[in-house]
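A.B. asks: Counting in our numbering, the sequence shown runs from 430 upward without gaps. Shown below is the structure under consideration.
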Amino acid sequence: MIIVNKLVNNGIKQSGDQEIDLVPLNWEDRQRSRQRITTSAGREVGLALPTGSILTPGDILFQNETLQIMVAGQPEQVLVVSAVDQQEFGLICYQVGNLHQPISLQGDQILLPYHRSISLQLSRLGFNFVKDRRVFVPISLTHYQHAH
Numbered sequence: 430m431i432i433v434n435k436l437v438n439n440g441i442k443q444s445g446d447q448e449i450d451l452v453p454l455n456w457e458d459r460q461r462s463r464q465r466i467t468t469s470a471g472r473e474v475g476l477a478l479p480t481g482s483i484l485t486p487g488d489i490l491f492q493n494e495t496l497q498i499m500v501a502g503q504p505e506q507v508l509v510v511s512a513v514d515q516q517e518f519g520l521i522c523y524q525v526g527n528l529h530q531p532i533s534l535q536g537d538q539i540l541l542p543y544h545r546s547i548s549l550q551l552s553r554l555g556f557n558f559v560k561d562r563r564v565f566v567p568i569s570l571t572h573y574q575h576a577h
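In structure tokens:
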């Protein structure tokens with residue numbers, strides 16, 4: 430088993446001779462800093478990252494001369510919310526923010542992890558949305574966190 434206690438780097442270029450072995454992880458699993466995972470090629474990897482580490486697609490967990498193990502996003506159930514105008518876009522973001530849910534912005538669409546209770550709330554508020562399977566990568570809140 431390969432033990433990973435820090436990321437090699439995000440976006441390191443591989444040499445032509447390196448095998449790239451992907452670790453497909455959904456959003457929830459990318460937030461877990463300690464776990465045992467299996468790569469697409471069947472290699473076992475033990476994550477022992479610092480508490481609070483969040484992986485993103487493209488992060489390199491391990492690299493040597495012949496191998497690079499990289500995080501890949503795994504499609505998962507998301508709600509895709511579409512707004513009719515900027516005012517509704519702002520209102521949707523406001524309502525989702527009050528629920529303390531992560532969001533991803535893709536063009537004029539807002540993505541958030543699927544939860545039945547949130548879909549019911551969006552319906553109650555009259556917003557247009559569909560349930561879909563996509564890779565969910567939320568916007569970074571590093572500079573915007575606040576406490577209650």
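Glycine included, C-beta positions come from ideal geometry on N, C-alpha and C. Predicted, not measured: the structure shown is a model, and the values here were computed from it.
Check each candidate in Ser546, Gly445 and Gly555 and name the one with the smallest Cα separation from Glu494.
C.D. replies: The shortest Cα separation from Glu494 among Ser546, Gly445 and Gly555 belongs to Gly445.
A.B. asks: What residue from Gly555, Phe565 and Thr468 has the CA that sits closest to Ile521's CA?
C.D. replies: Residue Gly555 is the option with its Cα nearest to Ile521.
A.B. asks: Express the C-alpha separation of Gln530 and Asp514 in angstroms, rounding to a whole number.
C.D. replies: Asp514 and Gln530: Cα-Cα distance of roughly 22 Å.
A.B. asks: What are the complete alpha helix (DSSP H) segments, minimum 4 residues, inside the stretch 498 to 540?
C.D. replies: The stretch 498 to 540 contains these whole alpha helix (DSSP H) runs: 515 to 527.
A.B. asks: To which residues does DSSP link His438 through a beta bridge?
C.D. replies: As written in the sequence, residue 438 is Asn, which differs from the His given in the question. Note: Asn438 sits in a beta bridge opposite Ile489.
A.B. asks: For the putative contact between Gln401 and Pro453, defined by C-beta atoms under 8 Å, what is the C-beta separation to the nearest angstrom?
C.D. replies: The question about residue 401 has no answer, for the chain in this structure spans 430 to 577.
A.B. asks: Whole angstroms are fine: how far does the CA of Leu541 sit from the CA of Leu490?
C.D. replies: So the two alpha carbons sit approximately 26 Å from each other.
A.B. asks: In this structure, how does DSSP classify Leu549 when only helix, strand and coil are distinguished?
C.D. replies: Reduced to three states, the DSSP call for Leu549 is helix.
A.B. asks: Please report the distance separating the alpha-carbon of Ser482 from that of Gln460.
C.D. replies: The alpha-carbon atoms of Ser482 and Gln460 are separated by roughly 7 Å.
A.B. asks: Return the CA-CA distance between Val433 and Leu534, expressed in angstroms with no decimal places.
C.D. replies: Those two C-alpha atoms are separated by around 30 Å.
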